[in-house]
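Undergrad: Protein sequence lines, in the order shown, are assigned to chains L and D.
Going by this note's numbering, the first residue of the first sequence is number 409, and it counts up by one from there.
Going by this note's numbering, the first residue of the second sequence is number 409, and it counts up by one from there.
Backbone N, C-alpha and C define an ideal beta-carbon position, used for all residues, glycine too.
Structure provided below as structure tokens; questions to follow.
There are 2 protein chains.
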Amino acid sequence: MNVKTICLAILTQGETTGYDIRKRSTEGDYAYFMEASFGSIYPALSKLEEEAYVTSRTVAQEGKPSKRVYKITPTGREFFINSLYDELNDDVFRSEFLLFLRFVEDLPRSLVEKRVNERIAKCNDAIENVKKLEEEFTKPSERWVLNFGQHCMRSARQYLIDNKQEIIALAKQEDVPARAAE
Amino acid sequence: MNVKTICLAILTQGETTGYDIRKRSTEGDYAYFMEASFGSIYPALSKLEEEAYVTSRTVAQEGKPSKRVYKITPTGREFFINSLYDELNDDVFRSEFLLFLRFVEDLPRSLVEKRVNERIAKCNDAIENVKKLEEEFTKPSERWVLNFGQHCMRSARQYLIDNKQEIIALAKQEDVPARAAE
DNA sequence: TCCGTCATATATAGAGTTGATATATATCGA
DNA sequence: TCGATATATATCAACTCTATATATGACGGA
Chain L
409 MNVKTICLAI
419 LTQGETTGYD
429 IRKRSTEGDY
439 AYFMEASFGS
449 IYPALSKLEE
459 EAYVTSRTVA
469 QEGKPSKRVY
479 KITPTGREFF
489 INSLYDELND
499 DVFRSEFLLF
509 LRFVEDLPRS
519 LVEKRVNERI
529 AKCNDAIENV
539 KKLEEEFTKP
549 SERWVLNFGQ
559 HCMRSARQYL
569 IDNKQEIIAL
579 AKQEDVPARA
589 AE
Chain D
409 MNVKTICLAI
419 LTQGETTGYD
429 IRKRSTEGDY
439 AYFMEASFGS
449 IYPALSKLEE
459 EAYVTSRTVA
469 QEGKPSKRVY
479 KITPTGREFF
489 INSLYDELND
499 DVFRSEFLLF
509 LRFVEDLPRS
519 LVEKRVNERI
529 AKCNDAIENV
539 KKLEEEFTKP
549 SERWVLNFGQ
559 HCMRSARQYL
569 IDNKQEIIAL
579 AKQEDVPARA
589 AE
């Protein structure tokens, strides 16, 4: 799945701008399973316009820079829907947090506790964010996907809460005696 | 987290080759939270050698091509452990499957059912794979991480099983009448 | 025996992507 | 007034992936 496909997917649901595509893919309703940056979105939209899968027009705005609004063409829509019949690539999960945890034996206890708590806090934020999105969405498939996401995040959070003492206990004892000797 | 860091992380646990780093990051014990391809691993190892974070030697093998075995230096080890004190980047999750599911209203029921079953099968494979890995690993932090991964995968699989009929029901009815009219 | 496939192993080119930065306008709060 | 934040487009260097090339040997089937 490349950025062109992501753009087409979002454009299938209505006209929008490169700025908005980026926002939705990093903070909005698409953020939990895809991402794209400006450096890939703008070139992707240009290429899609060359290929006649989208058209664009410039819209002036008061108090804001004028924006370039993209719209999917019938050809583009057809191309996108057809691509949904292709074999799906595997899900990708990457976590610096889990890499970090594999080395807790070499790290001070306070640092490990801090990072685990930060991770739990991020889970909380993400769950709250999805809850808000669910209120906005009415399309049944979108709600199903958001519920699935929320379920997975709650499950991960619960595991962290239930087992955090165990992983923290594996970390190195702090050098408390050294400081006490000062 | 870049590929250089992944290489150092794996090399921290013993000497190995570029080929093996790729294998472990795509199929082995690191596969569930990171990934790297040949095109990034070999250049990364070269740069790490330039920077004196690793050394290499060529080892001839019978019945196999000779291999280049890399070893982390004390400087490299120190650099890696220090980098574990840095702020952690957010976890990344990308799923073509979830993008696909947002468009089930436009897709035939048989295709949706097929893809959901494929996803459940992949979950089963992944869970079995992690179980095997857990038998091999004795380091407590590694087991904790694998258990966490297994917990998350089981939870996702259960949600898919429990709610698959609901999402399949949202898909388009097949064009059975059209075929019957032939 | 020959051929294709698979596994081991290194390497690279081209395409795609990220992360950082530049530019411009406007609002909001300190 | 100054910095931060938000909207909005755009680009570039560095990085990464996908696909391919090269080489060796094992294994199985035709």
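(1) Could you name the residues of chain L that Phe-350 (chain D) contacts, counting a contact when the two beta carbons are closer than 7 Å?
(2) Distance, Cα to Cα, Ile-449 (chain L) vs Leu-496 (chain L)?
(3) Is Pro-600 (chain D) close to chain L, meaning its C-beta is less than 8 Å from at least one C-beta of that chain?
(4) Could you run through the stretch 552-564 of chain L and flag, in chain order, every residue whose CB is less than 9 Å away from some CB of chain D?
(5) Given Ile-576 (chain L), which residues of its chain have a CB within under 7 Å of its CB, disregarding the five upstream and five downstream residues?
(6) Helix, strand or coil: how does DSSP classify Thr-420 (chain L) here?
(7) Using a Cβ-Cβ cutoff of 7 Å, what residues of the stretch 426-440 of chain L are near chain D? List them in chain order.
(8) Helix, strand or coil for Tyr-478 (chain D)? Go by DSSP, reduced to three states.
(9) Is it the case that the CB of Gln-469 (chain L) approaches a heavy atom of the ligand NAD more closely than 7 Å?
(10) What distance in whole Å lies between the Cβ atoms of Leu-506 (chain L) and Phe-441 (chain D), which are believed to be in contact at a cut-off of 8 Å?
(11) Can you pull the DSSP bridge partners for Ser-518 (chain L)?
(12) Could you tell me whether the stretch 459-468 of chain D touches the stretch 448-464 of chain L, using the rule of 3 or more Cβ pairs below 8 Å?
(13) Measuring only between beta-carbons, confirm whether Asn-571 (chain D) sits less than 8 Å from chain L.
(14) Let's test the definition: count the other Cβ atoms within 10 Å of the Cβ of Thr-413 (chain D) and tell me whether it reaches 16, buried, or not, exposed.
(15) In the DSSP assignment, find the alpha helix (DSSP H) that holds Arg-432 (chain L) and state where it starts and stops.
(16) Does Ala-417 (chain D) get closer than 8 Å to chain L when you measure Cβ to Cβ?
(17) Verify whether the separation of the beta carbon atoms of Val-553 (chain D) and Arg-510 (chain L) is less than 8 Å.
(18) Given this structure, state the Cα-to-Cα distance separating Tyr-427 (chain L) from Glu-458 (chain L), to the nearest angstrom.
(19) With DSSP as the reference, label Ser-464 (chain D) as helix, strand or coil.
(20) Please list, in chain order, the chain D residues whose beta carbon lies closer than 8 Å to that of Glu-574 (chain L).
TA: Let me lay it out:
(1) An answer regarding residue 350 (chain D) cannot be provided, because it is not within the stretch 409 to 590 covered by chain D.
(2) 22 Å
(3) The requested residue 600 (chain D) does not occur in the structure, where chain D is confined to residues 409 to 590.
(4) Trp-552, Val-553, Asn-555, Phe-556, Gly-557, His-559, Cys-560, Arg-562, Ser-563, Ala-564
(5) Arg-517, Val-520, Glu-521, Val-524
(6) helix
(7) Tyr-440
(8) strand
(9) Annotation note on the ligand NAD: not contained in the displayed structure, which lists no ligands.
(10) 4 Å
(11) Answer by DSSP bridge pairing: none, since Ser-518 (chain L) is not bridged.
(12) no
(13) yes
(14) buried
(15) 426-434
(16) yes
(17) yes
(18) 19 Å
(19) strand
(20) Trp-552
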